[in-house]
Structure formats: C-alpha cells, structure tokens
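Participant:
In our numbering, the protein residues as written are 6 to 309.
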C-alpha cells in the first residue's frame, strides 16, 4: 500500500507515467468513467477548502466512485477530542482511499502510519501541498510541452506558501530551471530552500519589484498573502496588496509566458488579466481534476 505525503514520493519517471495517464483521461474521459465503480473516497478536511476538496470529489465521481467525509474539524469527532490516528482507523473501515487536509504539519503522515487505506496529503499547515504541486507540474507540462529549460518567477507570500515550497522542491529535479523569487522582505523564501539551491548550483535571484523581472519569465506563479498564516492582523493588512498583477505589468511579459495561481485569489491578480490568453489559472484548476483522477487510480492500483 502506498501513500502520497510529498511530491518527492514519486520519482520523475513515475510522475511522467502519472501525467501521461492524466492526459489520457483528459482526452478519453469515457474510458475511465466506471474504473472506480464500488470504490469510496473519504475527504477528511480539518481546514476549509473549496478547490482541493471539490476537485478530489469530482475526480472520484468522474471515475464512477462515491465520496464521504467532512469539510471542517468542527464537523468531525475532532471537536470531541478524537485523535487523527483514531479517525483514520475508523475511516479505513468505510472507504478505500482518503484525502486529508490538516492545519498541523505532519498530521497526514501520522494518519498514514495508522491507516489501512492509502492516504493522500491534501495540505498540512505551511508544510506541503503535493496534489497542488502535481497539478502545477501537469499544467506546465501540458501547456508548455516540457518540465525543463525555463525561468519561473514565484511572487507574493514565499515564506508561508506551502504550494511554493512544494513546487520548488519538485522542479529542482528537472534540468535547466532558474528561479526568481519576488516578495517583500517580510515574506522572503525560507533560508533552507535557498541553501538547498546553492548546494545544487541551481540559479536563483531574489527581488522585490515584479516589474523588473517580468520580461525574463517563462512562467509566473502568483500567490495569495494568506491571512490565516499571520499572527498579526496589522502585518497582514500592510502586505496583502503588495503585488497586483494587471494589464500594464502583463504588457512587459513574453508573448508565451504563462500565469499560474493555486487559488483562491484575493487582489493579487486583477480580473482584467483573466481574458489574457496567458492567464492559465482556471485551466490549472481543470488539470487538478485530471491529475487527482490519475493519482486515485495509481494508488488504488487500478489499470484501465
């Protein structure tokens, strides 16, 4: 039995197979419509989510399976003090696979150690968000045709953003990737990541102004400044609108640059950018369903 706790749990070769499967699902949805008949996915979300939870549910329903679960800790026995270990042991009696989101880092790993079914980490605090990273990689590969030879700018909350940390760790396994980190001083990328990049001789630079680097980017990954990660409301208010991507900034970019965003957005991408053909964030959401379908089939060892 296999779990997914981190994007690094899969080798590059295994990811290629996963993405090939996701692309085949995209092209031939009817071929997979009954592949999970009789199977059940449990969504154990101790933290609010729209895209991730509904994406998992859509993925399982598209495969012919069924879904059960809860959408907040208050709607589960966690409100009565039940441990994650006991919850997953119980859930294992009702379902075949589980997607778990939790505000505490490492909670899905604790669950996986006690589980009788595959567990997918659907986000644990500021630590990892592996299925978002798989979504990001599939989107880049599908729209750019490759996962190497590009410069990616990551903009916004690089300190607390688990999507950013996961994506960087996944991309460093591919050839000729350069990173540009765009953030205010207070939300800089953690030192452990830049130290790792130095060790591996992977080029990166840190800047504050987005406009200065727009012409150099093949991909721009925008992020939300996350209110829920701040201890101080004043700091959040001061930083939340630090970056706003608009038409003027997009005019500085390459014609084939893609804009990605894990969503939800607040103000960091103006709605006027939505109609730009380079805006890929809603296509990214769709790729999230395909890659989760492929992941469910892979972890359940179902071949179609």
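Glycine residues also receive a C-beta, built at the ideal position from the N, C-alpha and C atoms.
Check each candidate in 75, 199 and 220 and name the one with the smallest Cα separation from residue 53.
Facilitator: By one-based count along the chain shown, residue 53 stands at place 48. When each option's Cα is compared against that of residue 53, the closest is 75.
Participant: Taking the C-alpha atoms as reference points, what is the distance between residue 297 and residue 60?
Facilitator: By one-based count along the chain shown, residue 297 stands at place 292. By one-based count along the chain shown, residue 60 stands at place 55. Approximately 8 Å between the Cα atoms of the pair.
Participant: Using 8 Å as the threshold, is the C-beta distance between residue 102 and residue 9 below it?
Facilitator: In the chain shown, counting from the first residue as 1, residue 102 sits at position 97. In the chain shown, counting from the first residue as 1, residue 9 sits at position 4. No, these two residues do not count as a Cβ contact at 8 Å.
Participant: Kindly indicate which residue of 21, 262 and 141 has the alpha-carbon position closest to the one of residue 156.
Facilitator: Reading the chain shown from its first residue, position 151 is the one you call residue 156. For the residues 21, 262 and 141, the minimum Cα distance to residue 156 belongs to 262.
Participant: In the DSSP assignment, find the alpha helix (DSSP H) that holds residue 170 and state where it starts and stops.
Facilitator: Your numbering for residue 170 matches position 165 in the chain shown. It spans 167-176 - the alpha helix (DSSP H) in which residue 170 sits, taken as one unbroken run.
Participant: Measure the alpha-carbon distance for residue 170 versus residue 95 and round it to whole angstroms.
Facilitator: Locating residue 170 in the chain shown gives position 165, where the first residue counts as 1. Locating residue 95 in the chain shown gives position 90, where the first residue counts as 1. C-alpha separation (whole angstroms): 32 Å.
Participant: Please determine, among 288, 256 and 292, the residue with the shortest C-alpha to C-alpha distance to residue 277.
Facilitator: Here residue 277 corresponds to residue number 272 of the chain shown, with the count starting at 1. It is 256 whose Cα lies nearest to the Cα of residue 277.
Participant: List in chain order: all unbroken beta strand (DSSP E) runs of 3+ residues lying wholly within the stretch 182-216.
Facilitator: Entirely contained in the stretch 182-216, the beta strand (DSSP E) runs reaching 3 residues are, in chain order, 182-187 and 209-212.
Participant: In whole angstroms, give me the CA-to-CA distance for residue 55 and residue 132.
Facilitator: By one-based count along the chain shown, residue 55 stands at place 50. By one-based count along the chain shown, residue 132 stands at place 127. One C-alpha to the other measures close to 19 Å.
Participant: Applying the 10 Å Cβ sphere with the 16-neighbour rule, what's the burial state of residue 98?
Facilitator: One-based indexing of the chain shown puts residue 98 at position 93. The residue in question, residue 98, is exposed, as its Cβ has fewer than 16 Cβ neighbours within 10 Å.
Participant: Determine the burial state of residue 271: buried for a count of at least 16 other Cβ atoms within 10 Å of its Cβ, exposed for fewer.
Facilitator: Against the chain shown, residue 271 aligns to sequence position 266. It counts as exposed.
Participant: Confirm, please, whether the CB-CB distance from residue 146 to residue 247 is below 8 Å.
Facilitator: As a first step, residue 247 is located in the chain shown; it is residue number 242 there, counting from the start. As a first step, residue 146 is located in the chain shown; it is residue number 141 there, counting from the start. No. Outside cutoff.
Participant: Mark residue 230 as exposed unless 16 or more other C-beta atoms lie within 10 angstroms of its C-beta, in which case mark it buried.
Facilitator: Against the chain shown, residue 230 aligns to sequence position 225. With 16 or more other Cβ atoms within 10 Å, it is buried.
Participant: Give the DSSP-derived three-state secondary structure of residue 71 in the structure shown.
Facilitator: To locate residue 71, count along the chain shown from 1; it is residue 66. Residue 71: strand per DSSP, three-state reduction.
Participant: Determine which residues share a DSSP beta bridge with residue 227 and list them.
Facilitator: Looking up residue 227 in the chain shown gives position 222. DSSP, once it has assigned bridges, lists 160 as partnering residue 227.
Participant: When you compare only the Cα positions, how much space is there between residue 120 and residue 105?
Facilitator: Position 115 of the chain shown holds residue 120. Position 100 of the chain shown holds residue 105. Answer to the nearest angstrom: the Cα atoms are 12 Å apart.
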